[in-house]
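Reading through the structure tokens given below for one structure.
Chains as they are written, first to last, in the numbering used here: chain W, 4 to 363; chain Y, 4 to 363.
Have a look at this one:
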């Protein structure tokens, strides 16, 4: 992960347009004395599209130091008026579905149309030391060296709420820096798809051809979130199998009620590795965006997402405050045991815990 | 709804075994002076299977008066040791799928095997004055007059959390009263299926034959909760259509990952009205119960459900406390507007609201 960040900063030097350079960070030094820029300097750098300032700002945002947090929040407020104009695309699929290769190929197609692309990720299980789902840079070799691309791995391990928040704020910074297409990648095995789904305009599910075994990793409910399902590895001997899977997904989608957007999720086949069917995927996404902008759903969904994150953040904080309360912690485990062993009802145990919390 | 309660109380008189009679409630009088029983008297009545005491205890439980609430909680604590031994079955389906007729026919089949059946419901939108999903007694004509059956409509309108809690507590009272089979009915159009799903052992989805239109009312995600799907109205000219729908559901279920229970959801056809295929549905439920008791999932799921309700209740109360705070209420609407109009991020607005709440 340091490797990628490093590489982004290197790229930053290439596209830099005469603004003062932040120093290159040596990833092997635990503590690096960086020049502290002011919020105004960061904002100016980001609005000029300087990838190094953007990268450092995201690092600030991910920092746990209150001073950095404060700076980051002020910076985000400054960037908000310049944000919101991108197309945000969530991409999920089980490990092995070929997400990285697909992002590389689809991303390059989008870049060739003249877009600027940011690739982010949400993976609460990732740790800086162990790499993350975007850590395997070799699978995004074309994007990784392209000056119009900003790649950023998932924020390091933490609560899903915390990780999702940082990614959502990173989207704002990227948009202010002129990235008009944002990918948010996640692995389709945990809770993180819901978080990604609630911050993107289009949710793309990558599947593999096959008759069941390959699908076991995909969590229940994810298929119903998808605005588009794309069956990868439709090449060579695998084409018939992919077409069969496509038909199965089409049949399955028929059983679901129509989405509120009015959009009928489409199922396509493609090959990320052999670059087959990629323009069709991008075309589907564009048609979805046009369609939902036309019928008003696009803006409605974005407003609803903001509303969701407001109340989700409040909830997260109320929970933290409660469960970190020392008196609650003293009796929580015992109450949980009593409930699991059916000695008291969950409601009575909850009341006792809440009384402990509020009546101090 | 008064009609059903009334009828239950009447039935109560029939099965009463010499315990002192509570007075019959006249539903046309706003205030009825009832004799107040002690917790011990209620518990004794319930444990003897007296349907009138059970019915009054549920009314206590549904009361908003703190004194009644207190009594009800003490009563539930007394009943807990005698609860938990029933099979709890959630039943959902869109209006028109034939839920009431199906419950009547399936219920009578179960009764004839010697079981005692309680039929409850969760419908947060119901109001006492407007009737509820169990209000149409004419569709459960066999069950409604049977002495081994306790029918109780959904608690009256309120938050889903509150309604679900009351139903879950009613389950405990019913079990203590000797009901060994509990149906919890809900309409497959809202959030209430998740609540029902989290309090039952088996979740049954009633569907109609057809190619799409009839399914539009079923909420996304419900199909994936089902342990069994049953296609109703498989009779006469409709049999082929029902068989086709059955095959479509079987195909669709293949695309889902296996459930954690290890159980493969089954799809059956039947006719509630003509009483065709009913024993097969009950047989499927019994096999599921045996299977999950065998592999330990049954107890695991119940413990997890209790754990879920403990934390869900806490969450609900934390939210209530926050959103009813006068200072929070003063600024909430304006903060929501700012967020929806992208003037501030959801996170900054959340922080301002939380500061208001905690720093008073």
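Backbone N, C-alpha and C fix where the C-beta goes; we use that ideal spot for every residue, glycine too.
- When C-alpha distances from residue 114 of chain W are compared across W:68, W:309, W:148, the shortest belongs to W:148.
- Annotated three-state conformation of residue 188 of chain W is strand, per DSSP.
- Cβ contact annotation for residue 229 of chain W (same chain, cutoff 8 Å, sequence separation greater than five): 206, 207, 208, 268, in chain order.
- Residue environment for residue 308 of chain Y: buried (at least 16 other C-beta atoms within 10 angstroms of its C-beta).
- Rounded to whole angstroms, the separation of the alpha carbons of residue 189 of chain Y and residue 110 of chain Y is 16 Å.
- Cβ neighbours of residue 181 of chain Y within its own chain (closer than 7 Å, five residues either side excluded): 52, 119.
- Listed in chain order, the positions of the segment 236-257 of chain Y with a beta carbon within less than 8 Å of a beta carbon of chain W are 251, 252, 254, 255, 257.
- Short of 7 Å from the beta carbon of residue 347 of chain Y, and not among the five residues preceding or following it, lie these beta carbons of its own chain, in chain order: 341.
- Cβ proximity to chain Y below 9 Å picks out 76, 79, 80, 83, 84, 86, 87 from the segment 69-96 of chain W.
- Taking 8 Å as the cut-off, the beta carbon of residue 82 of chain Y is found closer than this to the beta carbon of residue 175 of chain Y.
- Secondary structure note for residue 210 of chain Y: its beta strand (DSSP E) is the uninterrupted segment 205-211.
- Pairing residue 262 of chain Y with residue 241 of chain Y, the inter-Cα distance amounts to about 31 Å.
- Contacts with chain Y at 8 Å (Cβ-Cβ) do not include residue 271 of chain W.
- Using a CB distance cut-off of 8 Å, residue 353 of chain W counts as an interface residue toward chain Y.
- For residue 168 of chain W, the C-beta contacts it makes with chain Y under 8 Å involve 350, in order along the chain.
- Of all residues in the segment 329-343 of chain Y, the ones placed with a Cβ closer than 8 Å to any Cβ belonging to chain W are 338, 339, 342, 343, in chain order.
- The C-beta distance from residue 85 of chain W to residue 172 of chain W rounds to 14 Å, too long to meet the 8 Å contact threshold.
- Nearest to residue 284 of chain W by alpha-carbon distance, out of W:63, W:108, W:80, W:349, is W:108.
- Under the three-state reduction of DSSP, residue 301 of chain W is assigned to helix.
- Note that the C-beta distance between residue 350 of chain W and residue 316 of chain Y is below 8 Å.
- Counting along the chain, no alpha helix (DSSP H) covers residue 232 of chain W; the unbroken beta strand (DSSP E) around it starts and ends at 231-235.
- Shown here, residue 152 of chain W sits in a strand according to DSSP, grouped into three states.
- Per the C-alpha coordinates, the member of W:168, W:273, W:300 positioned closest to residue 75 of chain W is W:168.
- From the listed residues W:250, W:45, W:68, the smallest Cα separation to residue 60 of chain W is found for W:45.
- Collapsing the DSSP output to three states places residue 279 of chain Y in a strand.
- In this structure, residue 124 of chain Y lies away from residue 153 of chain Y, with their beta-carbon atoms at least 8 Å apart.
- Between residue 260 of chain Y and residue 195 of chain Y, the C-beta gap is not smaller than 8 Å, which leaves the two residues out of contact.
- Neighbours of residue 172 of chain W in chain Y, taken as residues at a C-beta separation under 8 Å, are given in chain order as 348, 350.
- The straight-line gap separating the alpha-carbon atoms of residue 288 of chain Y and residue 270 of chain Y is approximately 12 Å.
- Runs of alpha helix (DSSP H) with 4 or more residues, each lying fully within the segment 98-130 of chain W, are found at 102-115, listed in chain order.
- The C-beta of residue 325 of chain W comes closer than 8 Å to at least one C-beta of chain Y.
- Contact of residue 317 of chain Y with chain W is assigned, a C-beta pair being separated by under 8 Å.
- Chain Y has a Cβ within less than 8 Å of the Cβ of residue 320 of chain W.
- For the segment 175-199 of chain W, the beta-carbon criterion of a distance under 8 Å to any beta-carbon of chain Y is satisfied by 175.
- Using a Cβ-Cβ cut-off of 8 Å, residue 116 of chain Y does not count as an interface residue toward chain W, since no Cβ of chain W sits closer than that to its own.
- When only Cα atoms are considered, residue 332 of chain W and residue 321 of chain W end up about 15 Å apart.
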